[in-house]
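As structure tokens, the structure follows; a few thoughts come after it.
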Amino acid sequence: MCSVISRVNPVQRALALTLRLRATTEGSSKAAAEIRRFCPGLSAVTDPLRATSRSYCSRMALTEGLLFRQLFESESSTYTYLLADTETKEAVLIDPVLETIDRDLKLIHELGLNLKVAVNTHCHADHITSTGLMKKRLVGLKSAISKYSGASADMLLSEGDKISFGKHYLTVRDTPGHTDGCMSLVSGDQSMAFTGDALLIRGCGRTDFQQGCAKKLYESVHQKIFTLPDQCLIYPAHDYLGQTASTVGEERRFNPRLSKSADEFVNIMNNLNLPKPRKIDVSVPANLVCGVQEV
């Protein structure tokens with residue numbers, strides 16, 4: 001067929017190729033599935049597995065005008081997230097870690113960003129936030145945390161509050177249970193949710209210290225996170241197995257704790273018998289003065 005097409009004039013060739021492509025497209029569901037698998041969100045997907053990706057850059061092209069970076073601190077296995085408006089250069093930093101402050105500030109400077117808010121999803125027990133020192137090095141930066149955390153910050157947030165940066169924003173959803181002051185941050189188009197320690201990939205935060213309550217955590221996740229669209233990408237504060245993201249649909253189906261009944265979940269959480277976090281005695285007091293601690 002290719003040799004026949006090559007002998008006709010350009011208009012005829014274009015028409016023939018169009019008809020050929022149209023006929024081929026009807027049988028290309030497998031290729032379309034591959035596209036959806038590697039580029040979640042390009043079309044409406046009902047199967048949560050079809051919306052799954054582990055790509056660091058999968059969100060960059062899907063929310064117009066949004067810059068997104070996922071950064072990792074290896075000692076506490078903490079993820080720090082940088083989001084920015086590509087036009088105004090206004091940016092937000094989620095869960096920054098003291099040990100990686102130079103790396104984070106270098107990236108912000110290289111990208112020419114104006115960091116407006118550094119926000120912590122809760123009062124961390126396994127690392128010290130870098131917001132205090134960062135405020136000393138970036139003029140105008142504001143720190144933020146839940147008003148229920150018991151910590152101090154420039155912005156004390158609660159359900160429905162918005163953190164704006166350029167034309168984008170993150171909406172606060174209170175998700176207590178790991179601590180009283182846990183919150184999740186959801187992008188304006190509900191394509192991304194930053195869940196802190198409330199919901200991890202195939203796991204969740206522990207509930208045996210810092211006002212922890214298994215029943216409250218179960219209700220938080222089911223009411224505030226699992227009600228988001230199936231294809232919404234889940235970005236947790238930690239992962240210990242090298243996983244970078246999940247989806248709401250995936251976790252609702254496959255999370256070995258939170259896919260159970262409330263009673264089963266409470267029983268699981270009450271019998272974890274985990275060791276005390278190694279840095280809790282240092283981290284919690286420092287993080288309670290979030291954004292203003294002397295370092």
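The letter at position 145 of the sequence shown is residue 145 when you use the UniProt record's numbering, and the numbering goes up by one with no holes. The beta carbon of each residue, even a glycine, is placed where N, CA and C say it ideally should be.
Practice item. Assuming residue 154 and residue 172 form a contact by the criterion Cβ under 8 Å, report the distance between their Cβ atoms to the nearest whole angstrom. Key: With a contact defined as Cβ atoms closer than 8 Å, residue 154 and residue 172 miss out at about 15 Å.
Check your understanding: Roughly how many angstroms separate the alpha carbons of residue 260 and residue 201, rounded to a whole number?
Key -> Residue 260 and residue 201 have their alpha carbons spaced roughly 15 Å apart.
Point to revise | Delimiting residues of the alpha helix (DSSP H) encompassing residue 285 | key: Going by DSSP, residue 285 is part of the alpha helix (DSSP H) stretching over 280-287.
Exercise for review: From the DSSP output, in three-state form, read off residue 167 for me.
Suggested key: In the structure shown, residue 167 falls within a coil segment according to DSSP collapsed to helix, strand and coil.
Point to revise | Collapsed DSSP secondary structure at residue 214 in the structure displayed | key: Looking at residue 214 - three-state DSSP - the assignment turns out to be helix.
Check your understanding: What first and last residue would you give for the alpha helix (DSSP H) that runs through residue 266?
Key -> 262-269 is the extent of the alpha helix (DSSP H) around residue 266.
Practice item. Whole angstroms is fine: what's the gap from residue 233's alpha carbon to residue 203's? Key: So the two alpha carbons sit approximately 15 Å from each other.
Check your understanding: Do residue 310 and residue 168 have their C-beta atoms within less than 8 Å of each other?
Key -> Nothing in the structure corresponds to residue 310, since the chain is present only between 1 and 295.
Practice item. Check whether the Cβ of residue 159 sits closer than 7 Å to any heavy atom of the ligand MN, and report yes or no. Key: This structure simply doesn't include the ligand MN, nor any ligand for that matter.
**Study point:** Continuous beta strand (DSSP E) stretch holding residue 119: start and end
**Key:** Element bounds for residue 119: 114-119.
Check your understanding: CB residue 225 to CB residue 198, shorter than 8 Å?
Key -> Judged by their CB atoms, residue 225 and residue 198 are nearer to each other than the 8 Å cut-off.
Exercise for review: Find out if the Cβ-Cβ distance for the pair residue 222, residue 183 is shorter than 8 Å.
Suggested key: In this structure, residue 183 does not lie closer than 8 Å to residue 222 by Cβ.
Check your understanding: Taking residue 126 as the reference, which of 132, 242, 96 has the closest Cα?
Key -> The shortest Cα separation from residue 126 among 132, 242, 96 belongs to 96.
Review point. In chain order, which continuous runs of the beta strand (DSSP E) of length 3 or greater are located wholly inside the stretch 130-189?
Key: List check, beta strand (DSSP E) in window: 142-146, 155-157, 162-165, 168-174, 183-187.
Review point. Name the DSSP beta bridge partners of residue 94, please?
Key: Residue 94 is bridged by DSSP to 81, 119.
Check your understanding: So residue 80 packs on residue 104, CB below 8 Å; how close in whole Å?
Key -> Residue 80 to residue 104, Cβ: 6 Å. Contact.
Review point. Skipping 5 residues on each side, what residues in its chain have a beta carbon closer than 8 Å to that of residue 283?
Key: Annotation for residue 283: 124, 125, 126, 127, 128, 277 place their beta carbon closer than 8 Å to its own, counting only its chain and skipping 5 residues before and after.
Review point. Rounded to whole angstroms, how far is the Cβ of residue 88 from the Cβ of residue 166, which I believe are closer than 8 Å?
Key: The pair is a contact, with the Cβ atoms about 4 Å apart (cut-off 8 Å).
**Study point:** Segment limits, beta strand (DSSP E) that includes residue 272
**Key:** Segment: none, residue 272 is in no beta strand (DSSP E) and carries neither H nor E.
Exercise for review: Pick out whichever of 187, 195, 240, 189 has its Cα sitting closest to the Cα of residue 174.
Suggested key: Measuring from the Cα of residue 174, the nearest candidate turns out to be 195.
**Study point:** Among 71, 235, 117, 76, nearest to residue 92 - alpha-carbon criterion
**Key:** The residue with the shortest Cα to Cα distance from residue 92 is 117.
Review point. To the nearest angstrom, how far is it from the Cα of residue 63 to the Cα of residue 82?
Key: C-alpha of residue 63 to C-alpha of residue 82: approximately 14 Å in a straight line.
Point to revise | CA-to-CA distance, residue 85 to residue 249, given in whole angstroms | key: Rounded to whole angstroms, residue 249 to residue 85 spans 28 Å at the Cα level.
Practice item. Kindly list the residues whose CB is nearer than 7 Å to the CB of residue 271, restricted to its own chain and excluding five residues on each side of it in sequence; keep chain order. Key: No residues qualify anywhere along the chain.
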